Structure formats: C-alpha cells, structure tokens
Amino acid sequence: MLEITATAAVIATISEIGDKTQVLTFFLATRFTNKKLIMLGIFLATIANHSLAAYLGIYLNHWISPAQLTPVLSGAFIALGLWMLVPETEANAATTASKMNSYGAFIASFVLFFLAEIGDKTQLSTILLAANFDSILWVVVGITIGTMLTNIPMIYLASYSMEKLPVKLLQQIAALIFVGFGCYGLYHAQQDTPTSIIEQTTNQIHAWLDTDAPAESKQLAPQP
C-alpha cells in the first residue's frame, strides 16, 4: 500500500515538471485571487481524471500478461520521456484559461485542469501504474499527492515570471529519468528477467521504507 502510493507520487511529480498543467495553474493563479478554490478545483479534477485512468489500467492488466507488460511499460516510459522534451507554451495555457475566466475560480480550475490532464503524461502514467499494481485507490492517492506537490507551488509563484524558473532544465532532467527507467526495463526484458521498471522502483522505495525490517526479523526469528 505505502510503496504503491510512494511510487505513484514520485512518478507523478516527475511527469508534472514543466508540464502544461503547471503553466495552466500559474495562469489560473494570476486571474483569480482565491487560492483555496483553485487548489480545491485542481484536487478534485485530479481525483476524477485519474480514477478513470486507473480503471483503464486495471483492464489493461487483465488483457496483457506480466511478461508482455514489461516491454510495453518500458517503451511507454521512453515515449513519455521524449514527450517531456516537447515545450509547453505559456500562450496556449493563457488562451485556454481566458475562455473560462467568467466561470469562477473553482469551476474554471476544475474544468480546465480535468481537460488538460486528458491524454497527458501523468494520465498515461496512471494507466501504466494501475496496470502494473492492479490497484486503483492507492495509485490515485499517490498520483494526486504528486500532482498537488508540483502544482500548488505554482499558485504561490504567480507573482513571479515563469521565465525566472529553470523549467527547461527541469524538463530535461525529468525526461532523462523517464528514458533511463524505460531503457533499464528493456534491458531486463532482453535478459529474460521480466521485472517491470515500475516494480523495480517500488522495490527500491519499499527497501527505503522498511530499513528496520531485517533487524526486527532477526529478533523474531526462532532460535536453533
């Protein structure tokens, strides 16, 4: 449970770096003064959008065997990494936000964020995570945490120019991480060890969370 949530949160955070949703959040914050309503709209839109994506991932898991899923997941991560190199423009986000300007902070934030996430990197990551873990609740919880962690700061940075933030550098670093995940997964698939890159990441996070587990196991182990 905890490792699924942590993995989803990490991947969502990476996916959202430099994404159009961050730009959209920035422009929403410049147009509406009620930051709490903006955060509430983004929060509920994230839950609604990624719950649907997680359901799709569960069905995907039932259609594809684990051995087949590994190269699919790895290839998808490489594609997501390359996608992250495609620049998002402020002009597009500003034009979209202006269309909803008259509907209020909450409705504008909910509708625009929900639409912005459709077919987005984070939504595709949700599908892949749900397919890998066969879980909806904890994947959505983790994705929501990661999404909020990366977008809430944009609300409070609205008084600064986006040009002052190293968005391009952050995008390149995130893209490199995703491509690295994908290449590592493909390497293991070719070595006939079909462990998905998401599962490998989960195992590492699980090891970090359970650092005391070996000591406890030794204490509970029966004496010869």
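First residue of the sequence shown? That's 89 in the numbering used here, and the numbers climb one at a time after it.
Cβ coordinates follow ideal geometry from the N, Cα and C atoms, glycine included.
Since we're looking at a predicted model, the values are computed, not measured.
Straight-line Cα distance separating residue j from residue i
i                 : j                 : result
threonine 109     : serine 162        : 24 angstroms
isoleucine 92     : tryptophan 226    : 6 angstroms
threonine 283     : glycine 273       : Confidence is the limiting factor: at threonine 283 the pLDDT is only 48, short of 50, which leaves the residue's position unreliable, though a coordinate-based value still follows. One C-alpha to the other measures close to 7 angstroms.
asparagine 137    : phenylalanine 202 : 6 angstroms
isoleucine 285    : proline 159       : Here the model assigns isoleucine 285 a pLDDT of 48, short of 50, so the residue's position is not dependable, and the following value carries that caveat. Distance between the alpha carbons of isoleucine 285 and proline 159: 9 angstroms.
phenylalanine 198 : phenylalanine 115 : 14 angstroms
aspartate 222     : isoleucine 146    : 6 angstroms
glycine 207       : valine 228        : 16 angstroms
threonine 121     : glycine 192       : 10 angstroms
glycine 270       : phenylalanine 131 : 29 angstroms
asparagine 220    : lysine 256        : 30 angstroms
glutamate 304     : tryptophan 151    : Residue placement at glutamate 304 is flagged as unreliable, the pLDDT there being 43, under the threshold of 50; a coordinate-derived value is accordingly withheld.
leucine 90        : histidine 276     : 25 angstroms
Closest residue to residue i among the options (Cα-Cα distance)
i              : options                           : result
isoleucine 105 : Leu116, Thr210 and Tyr143         : Thr210
glycine 129    : Leu200, Ser139 and Trp171         : Leu200
lysine 124     : Phe194, Trp151, Leu212 and Asp208 : Phe194
valine 107     : Trp151, Ala218, Leu173 and Ala133 : Strictly speaking, residue 107 in this sequence is aspartate, with valine absent from that position. Comparing Cα-Cα distances from aspartate 107 to each of Trp151, Ala218, Leu173 and Ala133, the minimum goes to Leu173.
methionine 127 : Thr235, Leu140, Ser139 and Leu212 : Thr235
serine 139     : Asn220, Ile224 and Leu212         : Ile224
tryptophan 171 : Asn220, Phe131 and Ser213         : Ser213
Within 7 angstroms, strictly: CB atoms of residue i and residue j
i              : j              : result
threonine 117  : isoleucine 240 : Here residue 117 turns out to be alanine, not threonine, going by the sequence shown. No, they are not a contact pair.
isoleucine 265 : isoleucine 99  : no
glycine 230    : alanine 97     : yes
leucine 144    : isoleucine 261 : no
threonine 238  : threonine 134  : no
alanine 204    : leucine 112    : yes
alanine 167    : alanine 218    : no
The alpha helix (DSSP H) enclosing residue i, as first and last residue numbers
i                 : result
phenylalanine 120 : From DSSP, phenylalanine 120 is part of no alpha helix (DSSP H); its letter is neither H nor E.
isoleucine 233    : 225 to 244
valine 199        : 193 to 205
leucine 90        : 90 to 104
leucine 217       : 209 to 221
Whole-number beta carbon distance between residue j and residue i, since they are thought to touch under 8 angstroms
i           : j          : result
glycine 169 : alanine 94 : Not quite, the Cβ-Cβ distance comes to about 21 angstroms (not below 8 angstroms), so this is no contact.
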